[in-house]
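Notes follow the structure.
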Amino acid sequence: MSLVQLFIPTEVARPTVSHLGELGVIQFRDLNSDTTAFQRAFVNEIRRLDDIERNIFSLIKQSEKLLIKPRAYPIQEYFSRPQTTREIDELEEKVNQYEQRLAQMNSSYESLQKRLMEMTEIKHILQQATTFFREAEAHQEEISRSSFDDSAPLLQDLEVAAPEGATHVNIGFIAGVIPRHRIHIFERVLWRALRGNLYMHWGEIEDAIIDPETQEHIDKNVFIIFAHGQEILAKIKKVSESMNATLYPIEENVEDRRAHAMDVANKIEDLNNVLYNINQTRRTELVAASDSLMSWLTIIKKEKAIYDVMNRFIYDSNRKCLIAEGWCPTNEIDRIQFVIRSDSAQSGSNISSILTELHTTKEPPTFHRTNKFTEGFQSIVDSYGVAKYKEVNPGLFTIITFPFLFAVMFGDFGHGLIMTAFALWMCINERKLQKAGGGEIFAMMFSGRYIILLMGFFSIFTGLIYNDMFSKSLVLFRSGWEFSKPAPDGQSFEATKVGVYPFGLDPAWHGSDNYLIFTNSYKMKMSVIFGVIQMTFGIVLTVFNYKYFKKEFSIWAEFLPQVLFMECIFGYLVITILYKWSVDWYATDSHGAPLYNSPPGLLNMLIYMFLNPGYVDPKDQLFAGQGIFQAFLLLVAFVCVPWMLCAKPYILKREHDKIIDAGYTTVGTHNHDSESYDGPLNDESESHDDFDFGDIVIHQVIHTIEFCLGCISNTASYLRLWALSLAHAQLSEVLWSMTLELCFTLNPSLLPLGIFIGFGVWFTLTVSILLIMEGLSAFLHALRLHWVEFNNKFYEGTGTLFEPFSFKSVLDGDRE
191 MSLVQLFIPT EVARPTVSHL GELGVIQFRD LNSDTTAFQR AFVNEIRRLD DIERNIFSLI
251 KQSEKLLIKP RAYPIQEYFS RPQTTREIDE LEEKVNQYEQ RLAQMNSSYE SLQKRLMEMT
311 EIKHILQQAT TFFREAEAHQ EEISRSSFDD SAPLLQDLEV AAPEGATHVN IGFIAGVIPR
371 HRIHIFERVL WRALRGNLYM HWGEIEDAII DPETQEHIDK NVFIIFAHGQ EILAKIKKVS
431 ESMNATLYPI EENVEDRRAH AMDVANKIED LNNVLYNINQ TRRTELVAAS DSLMSWLTII
491 KKEKAIYDVM NRFIYDSNRK CLIAEGWCPT NEIDRIQFVI RSDSAQSGSN ISSILTELHT
551 TKEPPTFHRT NKFTEGFQSI VDSYGVAKYK EVNPGLFTII TFPFLFAVMF GDFGHGLIMT
611 AFALWMCINE RKLQKAGGGE IFAMMFSGRY IILLMGFFSI FTGLIYNDMF SKSLVLFRSG
671 WEFSKPAPDG QSFEATKVGV YPFGLDPAWH GSDNYLIFTN SYKMKMSVIF GVIQMTFGIV
731 LTVFNYKYFK KEFSIWAEFL PQVLFMECIF GYLVITILYK WSVDWYATDS HGAPLYNSPP
791 GLLNMLIYMF LNPGYVDPKD QLFAGQGIFQ AFLLLVAFVC VPWMLCAKPY ILKREHDKII
851 DAGYTTVGTH NHDSESYDGP LNDESESHDD FDFGDIVIHQ VIHTIEFCLG CISNTASYLR
911 LWALSLAHAQ LSEVLWSMTL ELCFTLNPSL LPLGIFIGFG VWFTLTVSIL LIMEGLSAFL
971 HALRLHWVEF NNKFYEGTGT LFEPFSFKSV LDGDRE
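Numbering (my numbering), first residue to last: 191 to 1006.
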């Protein structure tokens, strides 16, 4: 990576930055970090583009409401030529015209729709009014008597007492419409507020009414309330308004209501015709705009990105140019030079842009070139932490180690085939699937399709090693065991070893009484071997980091004691496992006498290596002189602890004393913070902390304790390979025995149907439980083994990711 500085004349700034965005190889630094967003040079242009973008989004939203899908283009087909100021002005005018015309139509449409809703509600009120009035006339005498009944004195505060001898009171009424879900609440509130002195009738409107503001269907009810006295009617109106009811005046006379209903019907017909015409005109406008909406939106987003980047530049008023700084790959400098010179030549400017490479001590961002195959594996590493610049990148090794450790836990030939088939389908149809989407979960699987593909391949391989296919064994070669007559117990058979199975686990082990004991021991030792090998490899990778970062003293001050400590204990354990596997502990001589004792227990051997150094129980002895050799290894491991503790602090203290004796002190440069620009920007030097020997010692003590204890805990952590592998195999066997195996015991007449149903249940549970749930569990455990057990040996992950200015990244992010 190189830090470059660009001097771009103002007249070619926009096309130059646009072409750099198409190139996507430079990450610009913000040289105006001390200014707010509102104080930058191009804030007005960005505000203007924001307004245009907001109008385009409004048009897109209206198109989607009318089920008009804007035409989409692949990103590479978008108009990529830098836009001139005149073209942006024309685009703004065109978008504003569409927006204004549609805003006028929307306003008219909304007001007419509101009027249509009112007419519709009046129509339903008038339709049910005759029934309401007929029932009210039947109860009029009852309502009248309630006004003068001594048992209803609660209305005396609202009405003046009727004249003596009065027997009839004029009944008033209020009609309206209320949302259906409020009708019962409305009725109870009125009953309590008026102490029951009212007569209310309501009915449902069968047609759903469209709300002109939300365009949603609302169920409403028609109601008419009969009461006496103006004050009571006024109180009913207030309650109705508070309950979001709409009141309408209607005539009491039947003929007048009939004439009113005919007038309303004519108005509704006229409103429907006008609304249809407006809707068609609006649809025509949106269809005409839909072919260009996404193209316009892309142009605006690119222009916003250009001005956003230009706001990071410094304007030099003396040179009439913009000054930019950024990181780019060193081998891309020639391409950048070609682009900026081409823009200057095409514009006819007398002054061309200038690129200079700056020398700096700042740490560059980290850039890893990836493709669609390696991108998923690199994202696994970046999720843990981005590598420091030129730090060893574990992503390269993760391509193999991650799917392999996953397969060790997931090993099953049949499950691996299904996983591989699914991943191959995604890889073959990746272009179609990338356009189709499919939801967040599927997008996550699709982005890791090549990871799933390799996990499937490795699962097929480990399934063959385990000789396991849906919990059943595969007889690919001649077994190394022969079974003869039954044993004396009459239940089992005598097995005679006749050879070695060529590849993987002998199928004769499946179904044997000691199958679980054998695989348990085999997979547990295998997990320890894989763990020690991977952790040792991680320690070895620290050498490359020490060499690049000029810390060669750490090779013998840290690497050497670490690798000796690891190998003297756990490396020795791996060697003993392999040695034990290589010996035939049941071999006999020509006279039939055993050549060896019974197989030793390696766990006891390792424990007593610490508890009783120099001594090995004869029944646990592997070779002659084993006790002395173990004592030597233990002594070396113990020496490595103070070696790791003291060597590095001593060397750093000695180097610091040499610098002080030579008369040198730590000098820091000041940040360049001047408005006038007269040359290359000074590097913002990182602050150097004073040398503190106590902090160094404490840090080294923590690091040493963490490493020594981590060797034990990390090795034990790899036993998850053994545990999950056994769990997966046993769960697969249980699923088979509880589904398909039971179907084979059915009567012959029910056998086909039973197999059909059993296979469906078995396959569904296999995919949902063994493939998805167990696969996700194995994935997470493999992820932990890489993040915690492997990466912590050599990988800091404290860098910053290289994020160049790229239109592709901007548009891809918006599409997501």
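Note that CB positions come from ideal geometry on N, CA and C, so glycine has one too.
Beta carbon of residue i nearer than 8 Å to that of residue j
i, j, result
"residue 232", "residue 502", "no"
"residue 533", "residue 206", "yes"
"residue 481", "residue 261", "yes"
"residue 541", "residue 994", "no"
"residue 1001", "residue 550", "no"
"residue 239", "residue 490", "yes"
"residue 745", "residue 733", "yes"
"residue 949", "residue 930", "yes"
"residue 296", "residue 369", "no"
"residue 606", "residue 661", "no"
"residue 476", "residue 256", "yes"
"residue 591", "residue 976", "yes"
"residue 402", "residue 300", "yes"
"residue 428", "residue 384", "no"
"residue 588", "residue 571", "yes"
"residue 312", "residue 444", "no"
"residue 760", "residue 722", "yes"
"residue 392", "residue 373", "yes"
Top-ranked residue by Cα proximity to residue i, from the options
i, options, result
"residue 573", "988, 666, 995", "988"
"residue 695", "926, 670, 975", "670"
"residue 718", "762, 750, 656", "762"
"residue 511", "518, 519, 500", "500"
"residue 411", "366, 516, 943, 893", "366"
"residue 795", "766, 224, 915", "766"
"residue 947", "639, 934, 958", "934"
"residue 756", "289, 728, 810, 259", "728"
"residue 655", "699, 847, 621", "699"
"residue 612", "635, 318, 621", "635"
"residue 831", "896, 770, 467, 484", "896"
"residue 565", "545, 615, 638", "638"
Proximal residues to residue i (C-beta, below 6 Å), its chain only, five neighbours per side dropped
i, result
"residue 560", "568"
"residue 645", "593, 596"
"residue 306", "461"
"residue 911", "598, 599, 717"
"residue 806", "816, 817"
"residue 690", "670"
"residue 883", "843"
"residue 451", "316"
"residue 799", "820"
"residue 553", "579"
Residues bridged to residue i [DSSP beta-bridge criterion]
i, result
"residue 505", "512"
"residue 685", "673"
"residue 517", "193, 217"
"residue 413", "366, 392"
"residue 546", "195"
"residue 991", "556"
"residue 662", "659"
"residue 384", "Beta-bridge pairing links residue 384 to no other residue."
"residue 408", "399"
"residue 437", "366"
Close Cβ partners of residue i (< 7 Å) along its chain, the five nearest in sequence each way excluded
i, result
"residue 867", "Any reading at residue 867 must be qualified, since the residue scores a pLDDT of 38, below 50, and its modelled position is unreliable; the value itself is stated next. Excluding sequence neighbours, residue 867 sits near 504, 506, 513."
"residue 996", "211, 214"
"residue 516", "194, 216, 217, 218, 219"
"residue 204", "272, 496"
"residue 833", "751"
"residue 464", "302"
"residue 441", "447, 450"
"residue 944", "933, 936"
8 Å CB neighbourhood of residue i in its chain, flanking five on each side removed
i, result
"residue 285", "242, 245, 246, 249, 486"
"residue 529", "206, 209, 210, 213"
"residue 376", "368, 413, 429, 430, 433, 435"
"residue 624", "636"
"residue 258", "473, 476, 477, 480"
- Task: Answer yes if the stretch 621-638 comes into contact with the stretch 583-593, meaning at least three C-beta pairs across the two stretches below 8 Å, and no otherwise.
- Result: no
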